[in-house]
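Colleague:
In full-length UniProt numbering, the protein residues as written are 1 to 272.
(1) Helix, strand or coil for residue 71? Go by DSSP, reduced to three states.
(2) Opposite residue 65 in the DSSP bridges: which residues?
(3) What did DSSP end up calling residue 273 once you bin it into helix, strand or coil?
(4) So, are the CB atoms of residue 36 and residue 123 less than 9 Å apart?
(5) Would you call residue 119 buried or exposed, if buried means 16 or more other Cβ atoms sit within 10 Å of its Cβ?
(6) Assign residue 125 to one of three DSSP states: helix, strand, or coil.
(7) Using a Cβ-Cβ cutoff of less than 7 Å, which residues in the same chain neighbour residue 145 once the five nearest sequence positions on both sides are dropped?
(8) In or out: residue 114 buried (at least 16 other Cβ within 10 Å) or exposed?
(9) Which two residues bound the contiguous beta strand (DSSP E) that contains residue 100?
(10) By Cβ distance, which residues of its chain are closer than 6 Å to residue 19, with the 5 residues on each side in sequence left out?
(11) Comparing C-alpha positions only, which one of 187, 255, 88, 220 sits nearest to residue 32?
(12) Evaluate contact between the region 45 to 52 and the region 163 to 176, counting only Cβ atoms and requiring at least three cross-stretch pairs below 8 Å.
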């Protein structure tokens, strides 16, 4: 069976405007990266679902997303800023819980901007040991995050303890789903593993992020299928098997029902 490639982990800065101009499925589908991600918004607004809860974001919002945390954007308009993909998290003393902080003071804005600018200078300067120097700057950003967390705005999750019961359950489901979405498990299986009924799990997901438990599962599998079809040459039958579908035919029918194209035609057009 063909090995399914992982998503790349590479230290890089990407303009928020480039992220928000991506196809809708790349923007809104709940998914997770295997590297830490820091988002700094300087303009625009929208909504982001982070772990198990959906909140609005605005200018001067700083969002940290640990590896393996499911997230997705909703209704992003004219957003600007920068996304810092941190690459391999090894050796970086970063928070282990997602953070969404509203920074009201101009000194806070200047501090984060200075760190981002320093990282960008290293990555674009072409000097020896540039990535090593940039990772040291990320270490300073980690300290900055910890310092700001205690003074963050009211909509800032400070870990699971600040969330309500529905958000905590949805966050647990999202974390479990990210680890197991390639299996043949269904919503009932996930609910049993979490110690609740499928109805309770679905109700919690809808209350937290406006999606049912089944929608989150289907969207995560579909996102991975689209990624593999557009970014790799992994055979369709191997994609189907690795995403928990019983047969390639069943996968093809389910994929076509959601996208309007069978996997082979979708790959040929590279998602167009």
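Quick reminder that beta carbons are idealized off the backbone N, C-alpha and C, glycines included. In this text, all values refer to a predicted model and were calculated from it rather than measured experimentally.
Modeller: Inspection of the coordinates gives the following:
(1) Here the question's residue 71 lines up with position 71 in the chain shown. Here residue 71 sits in strand by DSSP.
(2) Position 65 of the chain shown, counted from the first residue, corresponds to residue 65. For residue 65, which the question treats as bridged, DSSP gives the partners 37.
(3) What the structure shows of the chain is the stretch from 1 to 272, and residue 273 is not part of that stretch, so it cannot be assessed.
(4) Residue 36 sits at position 36 when you count from the first residue of the chain shown. Residue 123 sits at position 123 when you count from the first residue of the chain shown. Not in contact: residue 36 and residue 123 (Cβ atoms no closer than 9 Å).
(5) As a working note, residue 119 is residue 119 in the chain shown. Under this definition residue 119 is a buried residue.
(6) Walking along the chain shown from the start, residue 125 turns up at place 125. Helix, per DSSP.
(7) For the purposes of this step, residue 145 is taken as the residue at position 145 of the chain shown. Once the five neighbours on either side are set aside, the close Cβ partners of residue 145 are 64, 95, 99.
(8) Here residue 114 is taken as the residue at index 114 of the chain shown, counted from 1. Looking at its Cβ environment, which holds fewer than 16 other Cβ atoms inside 10 Å, residue 114 is exposed.
(9) To locate residue 100, count along the chain shown from 1; it is residue 100. From DSSP, the beta strand (DSSP E) with residue 100 extends over 99 to 102.
(10) By one-based count along the chain shown, residue 19 stands at place 19. 83, listed in sequence order.
(11) Walking along the chain shown from the start, residue 32 turns up at place 32. The candidate whose alpha carbon is nearest that of residue 32 is 220.
(12) yes
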